[in-house]
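Engineer: If you read the sequences in order, they're chains C and X.
Convert by adding 54 to the 1-based position in the first sequence; the result is the number in the numbering used here.
Convert by adding 46 to the 1-based position in the second sequence; the result is the number in the numbering used here.
Cβ atoms here follow ideal geometry from the backbone N, Cα and C, with glycine treated the same way.
Being a predicted model, the structure only gives us computed values, none of them experimental.
Can you read through this structure? Questions will come right after.
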Amino acid sequence: MAEKLLEVTDLCKYFELKRGLKGTQVVKAVDHVSFEIAKGETLGLVGESGCGKSSLGRTLLRIYEPTAGEILYCGKDLARLSRRGFLPYRRKIQMIFQDPYASLNPRLTVGEIIGEGMQIHKLCTKAQATRRVQELLELVGLKPDHIRRYPHEFSGGQRQRICIARTLSLDPEFIVCDEPISALDVSIQAQVINLLELIQKERGISYLFIAHDLGMVKHISHRIGVMYLGHMVETGPSNDVYHDPLHPYTRALLSAEPIPDPRAAHLKKRILLEGEIPSPIHPPKGCPFVTRCPYAMEVCAAIQPPSFELENRKVSCFLYEQWRIRERGGKGLASLPQKAPAQPPANA
Amino acid sequence: MSLLEIRHLSTHFQTAQGTVKALRDVSFRVSPGEVFGLVGESGSGKSVSMLSLMGLLGENSVIPEGEILFGGRDISPSELNTKKKRREYEKKMRKLRGGEISMIFQDPMTFLNPVLKIGTQICEGILAHIHCSREEARIRAIELMRQVGIPSPEKRLEQYPFEFSGGMRQRIIIAAALACKPKLIIADEPTTALDVTVQAQILELIQTLTDESGAAVIMITHDLGVVATLCDRIAILYAGRVMEEGLTEEIFYNPKHPYTRGLLGSINNSEKDGNEPLRPIPGTPPDLLKLPAGCAFMPRCQEALRICAAQEPPESSFSGTHRCFCWQNSMDASLITVPTPAAAKRAPSEAEAQNLALSAAREG
């Protein structure tokens, strides 16, 4: 693997909820998450709403202060830096937000929006800034004379391009893309994805790409992390994860995705999960997935599974304990008896 | 005979900036029991076409032309120029809405009335359309809730919407939509607000329920995956016009319109090996206030001919079921203008070449 850029170990972010007489409750939005990202690599982060993927992205940038854990960025622990000490990293780590309508100040011109960061970090003088902004606009596929326009004059896809130009103005090394395409139309999504890939190729930027569109995540990511209820349940190279998902949740998630190919869609076997994600205020005691898992065992309800390493992949599931794999005579889950999945209610 | 037939329907909106032509000359038909997909991006007119059908448009809407036949009856919303005609139309539609035609809306969070019990909301439609007592309606509601997979329906009937999760609310809405055994269900992006695993549950539910009841479904969506899974036939809308219509297999495996091909090139199929480069459609959808003179897709079309800018394309049909509006496929095109040389058309554009290099670099 190439040089490590970011190494996250046991990162936690807990939110406290004050609930009157019941006292304080804790939501474990990100719970002991570990992963790493190499230089020039894209890590795709998938999971359902409320699984903590956005919280994780924001905690990396210290938009949320981490509760515990390490964020090693080029060997330096970002979680322990003072506000002032963190400032240079604010430049190197950038973020693209989901909603291009809400993340651009409507009262600033495009030039001011893109140039603001460069002024704050004193990267160039005002005169240079204009030229630099124009270059950036061209780079992201807009016209240099758009510099004096306001955000409302642009469509969603164009606004997302402005957001990308803004992040690039500071020459970042790492960009957290928090669902950058989910607010865009299908034909525009592909444009933005291609732009992000082009920029990565030219500048060697690493991405943490958060999304729930599994097809797009597979397309852009080198590796993929799957989150469930604040836990990273599986990480691995994207092709491997898609072709041979290890964790039962990953299997269900991938099988649930509707694929844009009618013949394949009719052949596809869907694993329908029971129920919905449990409330993060009262997560299950053992494995977070135990309440919906078709393979759940006794041990799963009692203890949280640690992360097991298999070749270049990691999976948090007791089914991948060494002795269990040996007993099965291989990695796959095919031979395992499944608990009968939730009866489709119509026949119940 | 078709259950629903829409002929040359146009819907305009009067706004301060001018007339927005949201729908232009849209025609299609839906047969009993089939699942028909209406696919398009935001602003393509997929929701407006259904709202026109149901007579649910706002005050500023005008329907200059169009005929709608439902089960042989004329329910056209056009030419309602007198008060009497409007009153009669409204009376007709009130009987249909929630009765023979019902709708499932996108957002399960806002569709249900938060201050009414679930049971009241499901029974409301039954009492309005079927002659029965409250107790009978309640029994029907319980039966419906059981059908859509809500555990212990007798108890849940007495609860309020906030006590249900998103997926459960969508199930309740489906139950309410099925209450009067409709012949046609219009599902307007029913799973867009839901998570993938819950979406799978709901799609499965819609499939089994419609198979059982024999109701036809019009599925409005922008998700080609959902369409491929569920629909028998598809119409692709762009800027208020039907671009292509056909059986699901015809659209996916033999797309004729450049826009359809563009849409299919813009998505990634995670089932496939390796990474094919995405081939997005350049540019952005047109402003419905200032539509181009010819084909609305022309400014973004990589295969545009000279005539495309001047004249709207005629219909060309390929089979009994497959039709498309594009000069490329029209017999007349070859007579009027010289097509661009095939080689030039097929050469990858700059962006495509970059993408190809990119994917090669990644695989290497």
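1. Thinking residue 259/C and residue 208/C are a contact (beta carbons under 8 Å), I'd like their distance in whole angstroms, please.
2. With a threshold of 16 other CB atoms inside 10 Å of the CB of residue 244/C, please say whether the residue is buried or exposed.
3. So, residue 269/X versus residue 312/C, is the Cβ gap smaller than 9 Å?
4. So the beta strand (DSSP E) residue 64/C belongs to, where does it begin and stop?
5. Are the beta-carbon atoms belonging to residue 243/X and residue 306/C less than 9 Å from one another?
6. Which value, in whole angstroms, describes the spacing of the CA atoms of residue 184/X and residue 140/X?
7. How is the alpha helix (DSSP H) around residue 97/X delimited, first residue to last?
8. Tell me, please, which residues DSSP counts as bridged to residue 149/X.
9. Check whether the segment 59-69 of chain X and the segment 184-196 of chain C are in contact - that is, three or more C-beta pairs closer than 8 Å.
10. So does the segment 165-185 of chain X actually touch the segment 255-262 of chain X, counting three or more Cβ pairs closer than 8 Å?
11. Which residues, in chain order, does the segment 154-172 of chain X contribute to contact with chain C at a C-beta distance below 7 Å?
12. Taking the straight line between their C-alpha atoms, what separation do you get for residue 285/C and residue 275/C?
13. With a threshold of 16 other CB atoms inside 10 Å of the CB of residue 107/C, please say whether the residue is buried or exposed.
14. Have a look at 129/X, 156/X, 196/X, 168/X and flag the residue whose alpha-carbon is nearest the alpha-carbon of residue 144/X.
15. Taking C-beta to C-beta, are residue 213/X and residue 330/C nearer than 9 Å?
16. Counting only beta-carbon atoms, is residue 206/X nearer than 9 Å to chain C?
17. So that I know if they touch, is there some Cβ in chain X lying closer than 9 Å to that of residue 245/C?
18. Going along the segment 246-265 of chain C in order, which residues come within less than 7 Å of chain X, judged by CB to CB distance?
19. Whose Cβ in chain X lies nearer than 7 Å to the Cβ of residue 240/C?
20. Determine the contact status of residue 217/C and residue 160/C, defining contact as a CB-CB distance below 9 Å.
21. Specify the secondary structure class of residue 64/X as computed by DSSP and reduced to three states.
22. With distances taken Cα to Cα, identify the nearest neighbour of residue 226/C among 375/C, 354/C, 74/C, 94/C.
23. Would a C-beta distance cut-off of 9 Å place residue 107/X and residue 57/X closer than the cut-off?
24. On the three-state DSSP scale, how would you describe residue 199/X?
25. Note down, in chain order, all residues in the segment 362-391 of chain C with a beta-carbon under 7 Å from any beta-carbon belonging to chain X.
26. In the DSSP output, what is residue 281/X paired with across the bridge?
27. Going straight from the alpha carbon of residue 316/X to that of residue 320/C, what length do you get?
28. Taking DSSP as the reference, what is the three-state secondary structure of residue 96/C?
29. Per DSSP, which one or two residues make a beta bridge with residue 291/C?
30. Whether or not the segment 185-198 of chain X and the segment 230-237 of chain X are in contact is what I'm after, with contact meaning three or more pairs of Cβ atoms, one per stretch, closer than 8 Å; do they touch?
31. Please give the ranges of any alpha helix (DSSP H) in the segment 312-395 of chain C, keeping only runs that are unbroken, at least 4 residues long and fully inside the region.
32. Can you check DSSP and say which residues form a bridge with residue 108/X?
33. Relative to the C-alpha of residue 51/X, which candidate in 113/X, 158/X, 266/X has its C-alpha closest?
34. Given this structure, state the Cα-to-Cα distance separating residue 225/X from residue 147/C, to the nearest angstrom.
35. Please decide whether residue 62/X counts as near chain C, where near means a Cβ-Cβ distance under 9 Å.
36. Excluding the five sequence neighbours on either side, which residues of its own chain have a C-beta within less than 8 Å of the C-beta of residue 380/X, listed in chain order?
Structural biologist: Answer, in terms of the structure:
1. 23 Å between Cβ atoms; not a contact.
2. Label assigned to residue 244/C: buried.
3. yes
4. 58-72
5. yes
6. 22 Å
7. Here the alpha helix (DSSP H) through residue 97/X covers 92-100.
8. Under DSSP, residue 149/X shares a beta bridge with 232/X.
9. no
10. no
11. none
12. 20 Å
13. buried
14. 168/X
15. yes
16. no
17. yes
18. Under the 7 Å Cβ criterion, the segment 246-265 of chain C contributes 247, 248, 251, 252, 255.
19. 87, 268, 309, 312, 313
20. no
21. strand
22. 94/C
23. yes
24. Residue state, collapsed to three classes: helix.
25. Residues: none.
26. 84/X, 291/X
27. Approximately 15 Å between the Cα atoms of the pair.
28. strand
29. 277/C
30. no
31. 316-321, 352-356, 376-382
32. 58/X
33. 113/X
34. 53 Å
35. No, no contact with chain C.
36. With a pLDDT of 49 at residue 380/X, under the threshold of 50, the predicted position of this residue should be treated as unreliable, and no value is reported.
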